[in-house]
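Participant: Last residue of the sequence shown? That's 1590 in the numbering used here, and every number before it is there in order. Every residue, glycine too, gets a C-beta built ideally from N, C-alpha and C.
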Amino acid sequence: EFDPPPAVHSSCVGVRFVDPTEMRRRLRGVHPADLRQVVRTAFGQRRKMLRRSLRDLVARSEERDDDAGDAEGMGDWERSRPEDLEAEDFVELARRLCGSHGAEWKDECLRQRVWRKKAHG
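#1: For a test of the three-state rule: what should DSSP assign to S1530, helix, strand or coil?
#2: DSSP on P1474, reduced to helix/strand/coil?
#3: Considering only the alpha carbon of each residue, which of L1523, S1480, E1547 lies closest to R1505?
#4: With a threshold of 16 other CB atoms inside 10 Å of the CB of G1568, please say whether the residue is buried or exposed.
#5: Can you say whether S1603 is buried or exposed, counting buried as having 16 or more other CB atoms within 10 angstroms of its CB?
#6: Quick one: residues in its chain with C-beta nearer than 8 Å to the C-beta of T1510, no 5 flanking neighbours on either side, listed in chain order?
#7: G1513: which of V1560, E1561, E1552 sits nearest, CA to CA?
#8: Please state the DSSP three-state secondary structure of F1512.
#9: Buried or exposed: A1556, going by 16 or more other Cβ atoms within 10 Å of its Cβ?
#10: Thinking just about the alpha-carbon of each residue, which of L1566, E1577, K1517, R1564 is nearest to the one in S1549?
#11: Quick check on DSSP: helix, strand or coil for D1496?
#12: Give me the Cα-Cα distance between A1563 and V1482, rounded to the nearest whole angstrom.
#13: When you compare the CB positions of D1576 and P1489, do they come within less than 7 Å of one another, or not?
As structure tokens, then:
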């Protein structure tokens, strides 16, 4: 036992893989690479609010003329930290920042090893 006890919170994460059809439905037209970029950027700097960590992505999305760049409708996401958002919130944020690609991406991009670093297998 430690005195004083550390203020540590633990979590358990479960991973359940789904088929490409279900993944496409969950992503609602968002390209997996765009979602990956938003999530990595959001979690890339510890303890920063999304307003600061995603500002470059927001600036890029505002320069485009497509359906991206409409992050205002997300409510208080700017004052949130990435750990406060649900997975669906990241999909919606990626859709608003990067746009919808619909059927433009192939299922093969879901089979790539994207979350592991090469040094770890």
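Facilitator: In terms of the structure at hand:
#1: Position 61 of the sequence shown holds residue 1530. The answer is helix: DSSP assigns S1530 an H, G or I state.
#2: Residue numbering aside, residue 1474 sits at position 5 when the sequence shown is read from its first letter. Coil at P1474, not helix or strand.
#3: On the sequence shown, position 36 is the one that residue 1505 refers to. When only C-alpha atoms are compared, the closest one is L1523.
#4: As a working note, residue 1568 is residue 99 in the sequence shown. By the neighbour-count rule (16 or more Cβ atoms within 10 Å), G1568 is buried.
#5: Look at the range of the chain in this structure, 1470 to 1590, and you will see that residue 1603 is not part of it.
#6: Within the sequence shown, numbered from 1, the residue matching residue 1510 stands at position 41. Around T1510: S1522, L1523, D1525, L1526.
#7: If you number the sequence shown from 1, residue 1513 lands on position 44. Cα-wise, what sits closest to G1513 is E1552.
#8: One-based indexing of the sequence shown puts residue 1512 at position 43. Here F1512 sits in helix by DSSP.
#9: Working through the sequence shown from its first residue, we reach residue 1556 at position 87. Exposed, by the Cβ-count rule.
#10: Locating residue 1549 in the sequence shown gives position 80, counting from the first residue. Selected option, being the one with the closest Cα: K1517.
#11: For the purposes of this step, residue 1496 is taken as the residue at position 27 of the sequence shown. Reading off the sequence shown, one finds Leu at residue 1496, where the question assumed Asp. Residue state, collapsed to three classes: helix.
#12: In the sequence shown, the residue the question calls residue 1563 occupies position 94. In the sequence shown, the residue the question calls residue 1482 occupies position 13. Going by the C-alpha atoms only, they are around 22 Å apart.
#13: Along the sequence shown, one-based indexing puts residue 1576 at 107. Along the sequence shown, one-based indexing puts residue 1489 at 20. Cβ atoms of D1576 and P1489: closer than 7 Å.
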